[in-house]
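Report on one structure; see the data block that follows.
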Amino acid sequence: MNTKSDTLFSAPVKSTPFQFDKSVAEVFPDMIKRSVPGYDIIIKQIEKLAGQFVKNNTNCFDLGCSLGAASLAMSKGIHQDDCKIIAVDNSEAMLGRCQQHINAFKHSTPVELHLADILDMPVENAAMVVLNFTLQFIQNEKRSALLSRIYEGMNPGGVLLLSEKIIFKNPTINRLLTNLHHDFKKENGYSDLEISQKRNALENVLTPETLDNHLTRLNRVGFSTATCWLQQFNFISIIAIK
Ligand SMILES: C[S@@+](CC[C@H](N)C(=O)[O-])C[C@H]1O[C@@H](n2cnc3c(N)ncnc32)[C@H](O)[C@@H]1O
Numbered sequence: 000m001n002t003k004s005d006t007l008f009s010a011p012v013k014s015t016p017f018q019f020d021k022s023v024a025e026v027f028p029d030m031i032k033r034s035v036p037g038y039d040i041i042i043k044q045i046e047k048l049a050g051q052f053v054k055n056n057t058n059c060f061d062l063g064c065s066l067g068a069a070s071l072a073m074s075k076g077i078h079q080d081d082c083k084i085i086a087v088d089n090s091e092a093m094l095g096r097c098q099q100h101i102n103a104f105k106h107s108t109p110v111e112l113h114l115a116d117i118l119d120m121p122v123e124n125a126a127m128v129v130l131n132f133t134l135q136f137i138q139n140e141k142r143s144a145l146l147s148r149i150y151e152g153m154n155p156g157g158v159l160l161l162s163e164k165i166i167f168k169n170p171t172i173n174r175l176l177t178n179l180h181h182d183f184k185k186e187n188g189y190s191d192l193e194i195s196q197k198r199n200a201l202e203n204v205l206t207p208e209t210l211d212n213h214l215t216r217l218n219r220v221g222f223s224t225a226t227c228w229l230q231q232f233n234f235i236s237i238i239a240i241k
């Protein structure tokens with residue numbers, strides 16, 4: 000797959016809310032690698048977890064799948080029979096390109112794509128669910144109900160992988176880690192203008208919470224254990240087990 004470099008915010012642009020549209024879909028692999036510290040490590044870990052947690056005759060869900068990186072990782076990691084990966088996104092542009100990515104690889108486990116809102120998507124017989132940087136785009140007041148529904152649709156012993164951008168209660172730490180993330184982006188070739196314009200576009204679209212909020216909510220909906228296994232600056236990944 001040929002993918003373009005992300006230059007979407009390199010020239011001055013009118014500030015409009017960030018959308019996962021055609022222009023974002025075209026540059027997404029470059030954008031996410033240069034913007035999200037730890038992304039490649041998480042994708043590799045999803046493959047490993049799929050190998051460990053997925054049982055015969057079960058489903059895996061990739062909720063907010065974008066171009067299908069997590070689905071492809073699960074498909075690579077699963078060595079069991081009669082499993083299915085269900086990849087869901089509500090952006091037509093993202094899902095169109097996702098189909099091309101999926102078609103470009105051979106799979107022993109089929110990947111089924113759904114153009115749908117994850118708030119409406121049934122989850123059942125799930126051995127593994129991935130929410131890789133998606134929950135942060137869901138309205139805050141709908142997050143608990145979504146996680147409860149996911150929990151109900153999971154099999155005992157199943158795993159949820161939840162990755163998010165987070166905020167910190169302590170303002171000094173919040174500023175420090177935000178700045179370290181901006182330095183990471185600068186080292187990856189983004190200018191100050193690109194960083195500030197993207198930040199403005201994401202304001203009120205991506206709503207980060209504290210790590211504590213995430214862990215408390217996961218425990219409240221019923222997960223027997225939830226722990227942060229990776230943190231890079233203000234980006235974290237959690238593993239929760241039913
Ligand atoms: C940061 S991307 C996720 C990256 C992806 N999971 C990966 O590992 O490469 C967020 C994705 O969630 C999708 N999304 C946001 N809200 C959604 C919703 N309510 N229902 C379905 N998809 C949603 C967006 O279209 C976008 O593709």
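Numbering that gives the first Met the number 0 applies: residue 0 is where the sequence shown begins, and numbers increase by one. Each residue gets a CB set at the ideal place from its N, CA and C atoms; glycine is no exception.
Rounded to the nearest whole angstrom, the CA to CA distance from Leu159 to Ala49 is 11 Å. Phe60 has its alpha-carbon roughly 16 Å from the corresponding atom of Gln79. In this structure, DSSP gives Leu66 a state outside helix and strand, which the three-state scheme calls coil.
Secondary structure of Cys82 (DSSP, three-state): coil. In chain order, the residues with a C-beta atom nearer than 5 Å to some heavy atom of ligand 1 are Phe19, Gly63, Ser65, Ala68, Ala69, Asp88, Asn89, Ser90, Met93, Asp116, Ile117, Asn131, Phe132, Thr133, Phe136. In this structure, Asn58 and Ala125 form a Cβ contact; the two beta carbons are roughly 5 Å apart against a cut-off of 8 Å.
Counting along the chain, no beta strand (DSSP E) covers Lys168, and no H or E run does either.
The residue among Lys3, Lys164, Asp20, Ile45 with its C-alpha nearest the C-alpha of Ile238 is Ile45. Here Leu179 is exposed, its C-beta having fewer than 16 other C-beta atoms within 10 Å.
Per DSSP, Gln44 is not a residue of any beta strand (DSSP E); the alpha helix (DSSP H) it occupies stretches across 38–52. Distance check between Lys83 and each of Pro109, Ala72, Lys75 places Pro109 closest, using alpha-carbon atoms only. Bridge pairing for Glu208: Ile165 [DSSP].
Rounded to the nearest whole angstrom, the C-alpha separation of Lys54 and Gly156 is 10 Å. In this structure Ile165 is not in contact with Ile117, their Cβ atoms being roughly 20 Å apart against a cut-off of 8 Å.
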